[in-house]
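Heads up, the sequence shown stops at 1443 in this note's numbering, and the numbers go up one at a time, no gaps. For reference, the structure is listed below as structure tokens.
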Amino acid sequence: MYNAICIRDENGRVAKPGEVGELFIKGDHLYEYYWGQEEVNKERWFNTEDLAMCDEEGDYYIVGRTKDMIISGGENIYPQEIEKTLMQLAHVQDVAVVGVHDQTWGEVVACAVVLAQGMCTDETFLRNYCQNQLARYKTPKLYKFYDELPKTDVGKINKNTLKVQMEAGLRT
């Protein structure tokens, strides 16, 4: 059985070690033909729509989903990086990051936070922490505190609901 993996950058070139890109797979176990997609059929690479990176040792890591990526002022922002950064705080029990529409930047980073039991903090503390840990363009512009994050029927954080709630909060 033949299988292959490839990570491609936004220009379709093979990503260098440490670079994040879209994960493509190829192999005998995949489709033979997609109706009306001749370019896809030629090479038979399947886009998983996962964002991934490969390190120097050849180990692969999934870092997010393409649909979750935020594009702000032309910069690609991976929500998982921001979520991981905030989860390092003892104050934070749960967090989700989404992109919300912005007239100037296209999207800006919005952060939904559930504080750990007995903890209190405010937006200023979280903003300062993020500014010290992340590039400026990755720092959330909007923070909203929740008792519990909305979940789908299968228990995953419902980022679509969060996005709608965050955007509604910007208009009020």
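Cβ coordinates follow ideal geometry from the N, Cα and C atoms, glycine included.
query: Three or more C-beta pairs below 8 Å linking the stretch 1288-1298 and the stretch 1324-1340; result: yes
query: Pick from F1416, W1376, D1393 and F1396 that is closest to D1365, judged by C-alpha positions; result: F1416
query: Three-state secondary structure assigned by DSSP to E1438; result: helix
query: Inside the stretch 1362-1429 only - alpha helix (DSSP H) runs reaching at least 4 residues; result: 1394-1404
query: Cut-off 6 Å between Cβ atoms - residues of its own chain near N1403, not counting five sequence neighbours on either side; result: none
query: Simplified DSSP state of K1287, which is helix, strand or coil; result: coil
query: C-alpha gap between D1339 and V1368, whole angstroms; result: 9 Å
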